[in-house]
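When the letters of the sequence shown are read in order and numbered with mature numbering (1 follows the signal peptide of the UniProt record, and there is no 0), they come out as residues -22 to -1, 1 to 273.
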Amino acid sequence: MRTNRVIAAAAASLIAATGLVACSSETDTASSSDGDTVAVKIGTTDADLKAWSVFADEAQKAGIDLDIVRFTEYPQVNPAQSVGQIEISKFQTINYQAQYNATSGEDLRIIGSGEINVLGLFWKDHDSLDGIEGQEVAIPNDPSNQGRAINVLVQAGLLTLRDGAPTLTPTPADIDKDASKVEVVAVDASQTPNAYNEGRPAIINNNWLQRAGIDPATSVAADDPNSELAEPYINVFTVSGDDLDNETYEKLVDVWQSPEVTAALDEDSNGTAVQVQRSKEDLNEILDRLVEEYK
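See the structure below:
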């Protein structure tokens, strides 16, 4: 995760050079309307996915005209929301938002949940965990995925954490090696498919699975999207604190959970996306707990 300095730089560059944010129409605010249609400016890094075109169509049917602001990088979005360039966003997990709030001093809130992308353990030419004891497992080394990867192995009974280790955000230093069945090697996420192709077990996220042409159905273990350990990785709709009860934004959450958008999500993710329905109270409680861990 980026530090305060990087976040501040991202905000400054965003304000100074809005060309980085890319294209949207000239709609200024969610309160503007044309007849019974309300315009909402929403930011995302995923606008090219089929789910987003379906989302826009279904929102239109619900009386909401989505002005989709396309961002090219994650660190651009939250600063844009903090300075009011967008009204709502849908691009990040609770974990990512918690790290942003903790390092920036902002207090962006969550108005609703979207999907969680199941994270799996892959082992070439194996269809079970048989024989994995003693192996080195490659895991992503970035803060957003490393703790989750470790918890996949904890849920699979392959790793044990030391007493007092953070439950939601463990690091390799928190692993009780003597009580564990495997070791972990933290590598850049882009290198996890290489480890897999070399015959080593690897935790590989959805983006790299698709690029490497690995079938998500071939995982030998995966996290449970309904587990408490997976909660930080729910993708969410983010708003300012003043908009936490905005009925139009709440309606957008309902549209995202519709059968039409869910079907498109399933197609986009090759079946790894699972819709999660949690109250905004639950989601913000998880957010606040994570913020405290990151401070």
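Ideal placement from N, C-alpha and C gives every residue a C-beta, glycine not left out.
Handout entry: R267 - DSSP class collapsed to helix/strand/coil
Key = helix
Practice task
Using 10 angstroms around the beta-carbon of A208, count the other beta-carbons present and answer buried if the total reaches 16, otherwise exposed.
Solution key: buried
Practice task
Compute the Euclidean distance between the alpha carbons of T81 and V132, then round it to the nearest angstrom.
Solution key: 28 Å
Exercise for the section: Leaving out five residues on either side along the sequence, give the residues of the same chain with a beta carbon under 7 Å from the beta carbon of N262. Expected result: R87, I88
Practice task
Return the chain-ordered ranges of every alpha helix (DSSP H) run that is complete within the segment 215 to 268 and spans a minimum of 4 residues.
Solution key: 225 to 234, 237 to 246
Exercise for the section: List the endpoints of the continuous alpha helix (DSSP H) containing G125. Expected result: 121 to 133
Practice task
Give a yes or no on whether the C-beta atoms belonging to V269 and A76 are separated by under 8 Å.
Solution key: yes
Problem - Per DSSP, the bridge partner or partners of L99 - result: I181, A199
Problem - DSSP three-state assignment for S82, whether helix, strand or coil - result: helix
Exercise for the section: Would you mind stating whether P144 and E271 have Cβ atoms separated by less than 8 Å? Expected result: yes
Exercise for the section: Tell me whether D35 sits in a helix, a strand or coil according to DSSP, three-state version. Expected result: helix
Handout entry: Beta-carbon gap between V130 and D193 smaller than 8 Å
Key = no
Problem - For D108, the nearest candidate out of I94, A199, R140 (CA to CA) - result: A199
Handout entry: Top-ranked residue by Cα proximity to N224, from K258, Q235, A241, A195
Key = K258
Handout entry: Sequence-distant residues of the same chain with beta carbon closer than 6 Å to T71, five excluded per side
Key = Y211, N213
Exercise for the section: Using DSSP bridges, identify the partner residues of P118. Expected result: V165
Problem - A251 burial status per 10 Å Cβ neighbour count (16 or more: buried) - result: buried
Handout entry: Presumed contact (8 Å Cβ cut-off) between S91 and R256, rounded CB distance
Key = 5 Å
Handout entry: E36 and V162 closer than 8 Å at C-beta
Key = no
Practice task
Please classify K273: is it buried, with 16 or more other beta-carbons within 10 angstroms of its beta-carbon, or exposed?
Solution key: exposed
Exercise for the section: Compare the beta carbon distance of A29 and A242 with 8 Å and say whether it is the shorter of the two. Expected result: yes
Handout entry: C-beta atoms of residue 361 and A180 nearer than 8 Å
Key = Because the chain spans -22 through 273 in this model, residue 361 falls outside it and cannot be assessed.
Exercise for the section: Identify the continuous alpha helix (DSSP H) that holds V55 and give its terminal residues. Expected result: 52 to 60
Exercise for the section: Please state whether DSSP places T7 in a helix, a strand or coil. Expected result: Caution applies to T7, whose pLDDT of 48 falls short of 50 and renders its modelled position unreliable; the model cannot decide the point.
Handout entry: Assigned secondary structure, Y272 (DSSP; H/G/I helix, E/B strand, else coil)
Key = helix
Exercise for the section: Give the straight-line distance between the Cα atoms of D24 and Y78, rounded to the nearest whole angstrom. Expected result: 19 Å
Exercise for the section: May I ask which residues mark the beginning and end of the beta strand (DSSP E) holding A17? Expected result: 15 to 22
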